[in-house]
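>
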Amino acid sequence: MRILLTGGAGYIGSHTAVELVAAGHEVVVADNLVNSHVEAVRRVERITGTRVPLHVGDCADPGFMGKVFAEHSFDAVVHLAGLKAVGESVAQPLRYYRNNLDVLLTVCETAHAHGVTRLVFSSSATVYGDPAAVPIPEGAPLSVTNPYGATKLFGERILTDLVAASPEWRVLVLRYFNPIGAHESGLIGEDPAEVPNNLFPYITQVAAGRLPRLDVYGDDYDTPDGTGVRDYLHVVDLARGHLAAVERVAEGTGVAVYNLGTGVGTSVFEAIAAFERATGRKVPHRVVGRRPGDIASCYADPSAANAELGWAATRTVEQACADAWRWQSANPDGYRG
Ligand code: WQD
1 MRILLTGGAG
11 YIGSHTAVEL
21 VAAGHEVVVA
31 DNLVNSHVEA
41 VRRVERITGT
51 RVPLHVGDCA
61 DPGFMGKVFA
71 EHSFDAVVHL
81 AGLKAVGESV
91 AQPLRYYRNN
101 LDVLLTVCET
111 AHAHGVTRLV
121 FSSSATVYGD
131 PAAVPIPEGA
141 PLSVTNPYGA
151 TKLFGERILT
161 DLVAASPEWR
171 VLVLRYFNPI
181 GAHESGLIGE
191 DPAEVPNNLF
201 PYITQVAAGR
211 LPRLDVYGDD
221 YDTPDGTGVR
231 DYLHVVDLAR
241 GHLAAVERVA
251 EGTGVAVYNL
261 GTGVGTSVFE
271 AIAAFERATG
281 RKVPHRVVGR
291 RPGDIASCYA
301 DPSAANAELG
311 WAATRTVEQA
321 CADAWRWQSA
331 NPDGYRG
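Heads up: the sequence shown begins at 1 in the UniProt record's numbering, then just goes up one per residue.
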C-alpha cells in the first residue's frame, strides 16, 4: 500500500516508517519539523535502503495537504502529526486545540476529497485519565485531565462521527501507552528538543551525564514500591502495531479502537534498576514530591490487539533500555549532532 505518514519525522513516526517500508509498503512523510528532524527521515532511508519522500509543511494547511495528496495516490493515512507534551498543553491550551484538531480535520477533509478513506489514528492512554482499575481495557471509562489528552479524545470523537456519516471510511484508533527505547541500529531514537519531561529520556540523559540526577516524583502512591507504575512499550513494538493496523484498515468498515501496551506495569524504581542492569550505568536519583496531575498506575489490557490485530509486544523494558542507551551514546546531541 502507498501510505501517507503524517508526523513521520518524529520519534514514533520514524520507527513506524521503518516497519512499514520493511514490510513492503510505500511511505511518504509529511511533517512540519516543529518537534522533529529531516535527518530522522534520512536515517530511515539508510536503515531501509529505500527512498522516503518528505514534504515539509503544516498538515493543518489545506493548500499544503492538497499538494501532497495531488502528488501521490495514497491507499491510506497513518496520522501521527500533532503536539504531544502534556505540561506544555496545560500552559498553551489554545495552541494545542488549534493545532491538533485543525491538523486532523484538514487531513480527513483532504483525504476524503482525494478518495482516501482509510486512516490509522495515533491516540493515547491518557484518554483513560486516572483509571478505576488496571489493567485497562478499551471499554474503560474515558476522562481527560489536560488539553493534550482532550485533543486525543476529541479526535476519536471526530473520527467516530465521520465514520457514522460516511460509512465508506474505515478507521483504526491506536491508544499508545508509554513508548520507550530506540531502533536496534542506534540510528534513530527519541530526541527531545528541551529537558525531557518523560521518565526514560530523562534517565538516559542522567546516565550520559547531561543531567545531574533523576527526581523520582513521589514514592507514596498505592503501588507495590510506592512509585508510579506505567506500561512501558518498546517503540519498535509500537511501530509494528501500526503495521498490523495498516494491514487491517485495508479491509472492513467502521471504527475500531486498540490499546497498544505490554499489559505489564513497571514502577519508576523498577525502571531505574532495569536501565542500570541493561547498561551498567548508574542513575543517581532522589525522591521528591509528586508531580501534579500524575496518577498511581496505568497499564494496558492488550488482549483486543492481540486477538484482532494479531499483534503483541515482544521486547522487554531492559531491551528498550539497552537500545535507548545505544542511540544516546551514538548521538549525544540527537539529530542536531
Ligand atoms: C512516567 C512515570 C512519573 C519523569 C506521559 C503522557 C502520556 C504519554 C506518555 C503522549 C510517572 C515518573 C517521570 C521524571 C519521574 N504521552 N517520572 N521523574 O506521565 O505516564 O505519560 O507520557 O501520549 O500522554 O501523560 O509518562 O514518562 O512523564 O512518567 O519520577 O523526571 O515516571 O511520575 O510515574 P506519563 P512520564
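Where is the CB? At the ideal position from N, CA and C, for every residue including glycine.
Beta-carbon separation of residue 209 and residue 324 under 8 angstroms?
In this structure, residue 324 does not lie closer than 8 angstroms to residue 209 by Cβ.
> Are residue 16 and residue 81 touching if we call contact CB-CB under 8 angstroms?
The answer is no: Cβ separation not under 8 angstroms.
> Return the bridge partner residues of residue 123 from the DSSP annotation.
Bridge partners of residue 123: 175.
> In angstroms, rounded to a whole number, what distance separates the CA positions of residue 95 and residue 89?
Cα-Cα distance, rounded: 8 angstroms.
> What did DSSP end up calling residue 321 once you bin it into helix, strand or coil?
Helix at residue 321.
> Which ranges would you report for the beta strand (DSSP E) in the region 60–110 if only whole runs of at least 3 residues count?
If we require 3 residues or more, the beta strand (DSSP E) runs fully inside the region 60–110 come out as 76–79.
> Entirely within the region 28–52 and at least 4 residues each: give me those alpha helix (DSSP H) ranges in chain order.
The qualifying runs are 38–48.
> In this structure, what does DSSP give as the bridge partners for residue 133?
Its beta-bridge partners do not exist; DSSP assigns none.
> Check the DSSP bridge columns for residue 3 and list the partner residues they point to.
In DSSP, residue 3 forms a bridge with 27 and 76.
> Throw me the rounded Cβ distance for the residue 110 and residue 69 pair, which I believe falls under 8 angstroms.
Yes, they are in contact, since the Cβ atoms of residue 110 and residue 69 sit about 5 angstroms apart, within 8 angstroms.
> Please report the Cβ distance between residue 9 and residue 83, rounded to the nearest whole angstrom; I am assuming they are in contact, meaning their Cβ atoms lie under 8 angstroms.
Actually they are not in contact, since the Cβ atoms of residue 9 and residue 83 sit about 14 angstroms apart, beyond 8 angstroms.
> Please state the DSSP three-state secondary structure of residue 257.
Here residue 257 sits in strand by DSSP.
> Can you tell which of 193, 135, 272 and 304 has its C-alpha closest to the C-alpha of residue 333?
Ranking the options by Cα distance to residue 333, first place goes to 193.
> From what residue to what residue does the alpha helix (DSSP H) around residue 214 run?
Premise fails: residue 214 lies in the beta strand (DSSP E), 214–217, not in any alpha helix (DSSP H).
> From the DSSP output, read off the bridge partner residues of residue 180.
Bridge partners of residue 180: 234.
> What do you reckon, is the C-beta of residue 99 under 7 angstroms from a heavy atom of ligand 1?
Not under cutoff, so the answer is no.
> Below 8 angstroms on the Cβ atoms is my guess for residue 103 versus residue 60; work out the distance and round it to an integer in Å.
Confirmed, Cβ separation roughly 5 angstroms.
> Do you know offhand how far residue 146's Cα is from residue 268's?
Their Cα atoms are separated by approximately 22 angstroms.
> Identify whether residue 185 lies in helix, strand or coil by the three-state DSSP scheme.
Residue 185 falls in the coil class under three-state DSSP.
> DSSP has residue 266 in a bridge; who is on the other side?
Bridge partners of residue 266: 230.
> Checking the sheet assignment: what are the DSSP bridge partners for residue 285?
The partner list for residue 285 (beta bridge, DSSP) reads 214.
> Helix or strand or just coil, what does DSSP make of residue 114?
Note: residue 114 maps to coil in three-state DSSP.
> With the cut-off set at 8 angstroms, would you say residue 283 and residue 272 are in Cβ contact?
Closer than 8 angstroms, so yes.
> Let me make sure I understand the geometry here. Which of 336, 240, 31 and 246 has the alpha-carbon closest to that of residue 312?
When only C-alpha atoms are compared, the closest one is 240.
> Should residue 84 be counted as a contact of ligand 1 given a C-beta to heavy atom distance under 7 angstroms?
Yes, Cβ of residue 84 sits closer than 7 angstroms to a heavy atom of ligand 1.
> In three-state DSSP terms, what is residue 54?
Here residue 54 sits in strand by DSSP.
> Taking residue 264 as the reference, which of 177, 171 and 72 has the closest Cα?
It is 177 whose Cα lies nearest to the Cα of residue 264.
> Bridge partners of residue 303, per DSSP?
None, per the DSSP bridge assignment.
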